[in-house]
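*Asks:* Protein sequences, first through last, are from chains H and V.
Residue 3 is where the first sequence starts when you use this note's numbering, and the numbers rise one by one after that.
Residue 8 is where the second sequence starts when you use this note's numbering, and the numbers rise one by one after that.
Note that the Cβ used here is the ideal one computed from N, Cα and C, for glycine as well.
Below: one structure in structure tokens.
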Amino acid sequence: MNSTIDILDQVNANLPTIILLSFALLMLLIDLFLPKRNHLFRSLLAIGSLCIVYLVVKLLLQEKTVYTYFFSLDSFSYFFHILFITVLVFTFLLSGPYFERTKIKFPETSLLLFFSTAGAMIMISANDLIVMFLGLELMSICLYVLAGMLRKRVQSNEGALKYFLLGAFSSGFLLYGITLFYGITGSTNYSEVNQWISQTSNKLSLTFWIGAGLILIGFFFKFASVPFHFWSPDAYEGAPTPITAFFSATPKAAAFGTFIKILIVAFPLVVSDFELILKIIAIATMGIGNFVALQQKSVKRMLAYSSISHAGYLMVALVVKSNLGYSSILLYLIVYSVTNLGAFTIAYLVNRKNEGSYSYEDYNGLATKYPVLAMFMALFMISLAGIPPTGGFFVKYYIFYSALKADQLLLAILMALFSAISVYYYLKVIVHMYMKPLPDSYETIKSDTHVTMGLIFSSLIIIIIGVAPSFWLTLTNRSVSNILINP
Amino acid sequence: MSEITIHHYIALSAIIFSIGVAGVLTRKNAIILFMSIELMLNSSNLALIAFASFMSNPVGQIFALFVIAVAAAEVGVGLAIIVTVYRNRNSINIDDVHLMKG
Chain H
3 MNSTIDILDQ
13 VNANLPTIIL
23 LSFALLMLLI
33 DLFLPKRNHL
43 FRSLLAIGSL
53 CIVYLVVKLL
63 LQEKTVYTYF
73 FSLDSFSYFF
83 HILFITVLVF
93 TFLLSGPYFE
103 RTKIKFPETS
113 LLLFFSTAGA
123 MIMISANDLI
133 VMFLGLELMS
143 ICLYVLAGML
153 RKRVQSNEGA
163 LKYFLLGAFS
173 SGFLLYGITL
183 FYGITGSTNY
193 SEVNQWISQT
203 SNKLSLTFWI
213 GAGLILIGFF
223 FKFASVPFHF
233 WSPDAYEGAP
243 TPITAFFSAT
253 PKAAAFGTFI
263 KILIVAFPLV
273 VSDFELILKI
283 IAIATMGIGN
293 FVALQQKSVK
303 RMLAYSSISH
313 AGYLMVALVV
323 KSNLGYSSIL
333 LYLIVYSVTN
343 LGAFTIAYLV
353 NRKNEGSYSY
363 EDYNGLATKY
373 PVLAMFMALF
383 MISLAGIPPT
393 GGFFVKYYIF
403 YSALKADQLL
413 LAILMALFSA
423 ISVYYYLKVI
433 VHMYMKPLPD
443 SYETIKSDTH
453 VTMGLIFSSL
463 IIIIIGVAPS
473 FWLTLTNRSV
483 SNILINP
Chain V
8 MSEITIHHYI
18 ALSAIIFSIG
28 VAGVLTRKNA
38 IILFMSIELM
48 LNSSNLALIA
58 FASFMSNPVG
68 QIFALFVIAV
78 AAAEVGVGLA
88 IIVTVYRNRN
98 SINIDDVHLM
108 KG
């Protein structure tokens, strides 16, 4: 009798993931009977995924929490599940014209997107290092394929190869770290690791630190933080642009969310020992990300480096290790994901002539020809640069504030300085759109209603978070403080 | 002859892991890089099974099975990516993979 309840719990703890995967497989079947029109399929996907968001929210409102040995479903996992599915809906809405232009088959791509989202959801709800690793691999393996989706383009191949080799390399580190943890603590469950640490707190062996270091290296690869960032600009540049937008949102959010969960549940007693290394890497990531982004000639690559620098800002909040810091990371991830999705979409819409160049010159005079599109892009750039009244400003402000509150003066000052530098390359896009003359030959930009809807929704989210940031911060704060540890 | 203890297994797996890391960092052929990554994953398998058997806790062996499945999936995707690179460039030397800079 007891075991049936346990199995039911396991199913309940994975309910959102199971619903998502069943829907993905159902869509693959439905695709056989649909006429070969991409956008009908996309609408169905987007509507279906929205229904999943609705279901998950409904579960959330009932405050239904489940804790099992391997998975837990608490407000923290709900937050990330909703974020991931929202990113998925946006990817479906925003990617249409690109897939039509490059003739990539959409149904297969969407299945891979679903699977990697499911992997990310497993990572977040995992209570166990090995389960987390399996979720991570499910996510990453789908992403390697997605990066190489443009089979005929050499850039896409190269990006996929680099992403694959370095991603697998980092998984090797992570796995060896987990193995060492299993060997010394006898378990890979987060709470049991924590119990073990609390029993042996003042004489942790060298093996423990090697294991922890390997796990950290694995995560630093996934964050694309500085000594381990080489794969990311190339993978971002080579991948199809809507997929790049997805790369900059879901895997990063999953890595940060999982890391926060591990810090809170498994390593609360040793987290202050990681402070120095996290601090050094945060500073290096912010610095190098911003300075290299300054020199980029391609907007897509600039956005790739800017996402490295954003990882640096997020790591500042990891150093702070307070609930305020963690909840501002969660809020940051919403704003940053949505903004990046919008910015990459406009980047591919504008870059319609020279496939793959993505130069700033493409934006010349955009505001006179397409004022609405230019306005959206300006909003996204302002939000990424962190200028009020957008959501981007407030999330940066919260991280800055949490760093000041934790007496991390140096980090706070450097963060403000680096984000001031970043304003230059974001505003450069706006300068090209509003102040440069329109070129003589101008091709029309092809968009569709889905894209318009997606852009409107993403700007709404940015503005709403900018208008009422404290409401959203309380929401994310509740998610962080209600992580189920071991009831 | 002394008895084989857990330390021998762990030392062996650490050595294999280091060979894998060194291979990834120094070799230029994508297939060899890939083999080195497989070495890293399999060294973890060895350690997992050794720990499991010395702690008489079967969980580690089950995890090793999962890791083998993951490694197999990675082989599938990885070789496919290497093949597409080879088709377009006629080379799998990673020094030739340098189209994107900066």
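#1: In chain H, which residues lie less than 9 Å from I153 of chain V when you measure between Cβ atoms?
#2: Could you tell me whether the Cβ atoms of S173 of chain H and E139 of chain H are closer together than 8 Å?
#3: Determine whether the beta carbon atoms of N484 of chain H and F78 of chain H lie at a separation below 8 Å.
#4: Measure how close the beta-carbons of S51 of chain H and I87 of chain H come, nearest whole angstrom, since I'm counting them as under 8 Å.
#5: To the nearest angstrom, how far is it from the Cα of V90 of chain V to the Cα of Y16 of chain V?
#6: State whether the stretch 122-131 of chain H contacts the stretch 142-157 of chain H, with contact taken as three or more CB pairs (one from each stretch) at a distance under 8 Å.
#7: Between which two residues does the alpha helix (DSSP H) holding N95 of chain V run?
#8: With burial defined as no fewer than 16 other Cβ atoms inside 10 Å of the residue's Cβ, what is the status of E81 of chain V: buried or exposed?
#9: At a CB distance below 7 Å, what residues from the stretch 129-154 of chain H approach chain V? Give them in sequence order.
#10: Got a sec, what are the start and stop residues for the alpha helix (DSSP H) Q197 of chain H sits in?
#11: Just the C-alpha distance for H434 of chain H and K281 of chain H, rounded to the nearest angstrom, thanks.
#12: What does the alpha-carbon distance come out to for the pair R34 of chain V and V228 of chain H?
#13: Could you confirm whether any beta carbon from chain V is found closer than 8 Å to the beta carbon of L177 of chain H?
#14: Between H:Y56, H:G289, H:K407, H:T252, which has its C-alpha nearest C144 of chain H's C-alpha?
#15: In the DSSP assignment, what residue or residues form a beta bridge with D236 of chain H?
#16: So which residues of chain C does G188 of chain H contact, with C-beta pairs closer than 8 Å?
#17: Which first and last residues belong to the alpha helix (DSSP H) in which N52 of chain V is found?
#18: So which residues of chain H does I89 of chain V contact, with C-beta pairs closer than 8 Å?
#19: Is M3 of chain H close to chain V? Criterion is C-beta to C-beta, closer than 8 Å.
#20: Of all the CB atoms in chain H, is at least one closer than 8 Å to the CB of A80 of chain V?
#21: Can you tell me the Cα-Cα spacing of A376 of chain H and V147 of chain H, whole angstroms?
#22: Does the separation of the CB atoms of L506 of chain H and V74 of chain V fall below 8 Å?
#23: So, for G456 of chain H: in the same chain, excluding its five sequence neighbours on each side, which residues have a beta-carbon less than 6 Å away from its beta-carbon?
#24: Would you call the stretch 363-378 of chain H and the stretch 390-401 of chain H touching, i.e. three or more CB-CB distances under 8 Å?
#25: DSSP puts F73 of chain H in a beta bridge; with which residues?
#26: Please state whether DSSP places N100 of chain V in a helix, a strand or coil.
#27: Which chain V residues are close to T181 of chain H, counting only those with a beta carbon under 7 Å from its beta carbon?
#28: Just the chain H side, please: which residues come within less than 8 Å of A29 of chain V by C-beta, in chain order?
#29: In angstroms, rounded to a whole number, what distance separates the CA positions of I183 of chain H and N191 of chain H?
#30: Looking only at its chain, what residues have a beta carbon closer than 8 Å to the beta carbon of G30 of chain V, apart from the 5 residues adjacent to it on each side?
#31: Using the beta-carbon of each residue, which ones in chain H are nearer than 7 Å to L40 of chain V?
#32: Terminal residues of the continuous alpha helix (DSSP H) containing H312 of chain H?
#33: Can the beta-carbon of I389 of chain H be found less than 8 Å from the beta-carbon of N292 of chain H?
#34: So, with DSSP's three-state summary, where would you put S472 of chain H?
#35: Along the alpha helix (DSSP H) that carries S339 of chain H, what are the first and last residues, could you check?
#36: Going by DSSP, what residues sit across from V68 of chain H in a beta bridge?
*Replies:* Looking at the atomic coordinates:
#1: Outside the modelled stretch of chain V, which goes from 8 to 109, sits residue 153 of chain V, for which no answer is possible.
#2: yes
#3: In contact: N484 of chain H and F78 of chain H (Cβ atoms closer than 8 Å).
#4: 6 Å
#5: C-alpha separation (whole angstroms): 36 Å.
#6: No, because fewer than three Cβ pairs between the stretch 122-131 of chain H and the stretch 142-157 of chain H fall closer than 8 Å, the two stretches do not touch.
#7: 66-96
#8: buried
#9: I132, L136, E139, I143, Y146, V147, G150, R153
#10: 192-201
#11: The straight-line gap from Cα to Cα measures roughly 36 Å.
#12: 23 Å
#13: yes
#14: H:T252
#15: Paired residues: none, contrary to the question.
#16: Among the protein chains in the structure shown, which are H and V, there is no chain C.
#17: 37-61
#18: L163
#19: Confidence is the limiting factor: at M3 of chain H the pLDDT is only 42, short of 50, which leaves the residue's position unreliable, though a coordinate-based value still follows. No, because no Cβ of chain V sits closer than 8 Å to the Cβ of M3 of chain H.
#20: yes
#21: 32 Å
#22: The displayed coordinates of chain H run from 3 to 489. Any statement about residue 506 of chain H would go beyond what the structure contains.
#23: F92, L95, L96
#24: no
#25: H:A128
#26: The three-state reading of DSSP puts N100 of chain V in strand, counting E and B together.
#27: Result: S51, A54, L55.
#28: Ordered by position in chain H, no residue passes the 8 Å Cβ test against A29 of chain V, which lies about 12 Å from the chain.
#29: Rather than Ile, the amino acid found at residue 183 of chain H in this sequence is Phe. The alpha-carbon atoms of F183 of chain H and N191 of chain H are separated by roughly 10 Å.
#30: I39, L40, M42, S43, L46
#31: L167
#32: 301-322
#33: no
#34: Looking at S472 of chain H - three-state DSSP - the assignment turns out to be helix.
#35: 325-352
#36: In the DSSP output, where bridge partners are listed per residue, V68 of chain H has H:L75.
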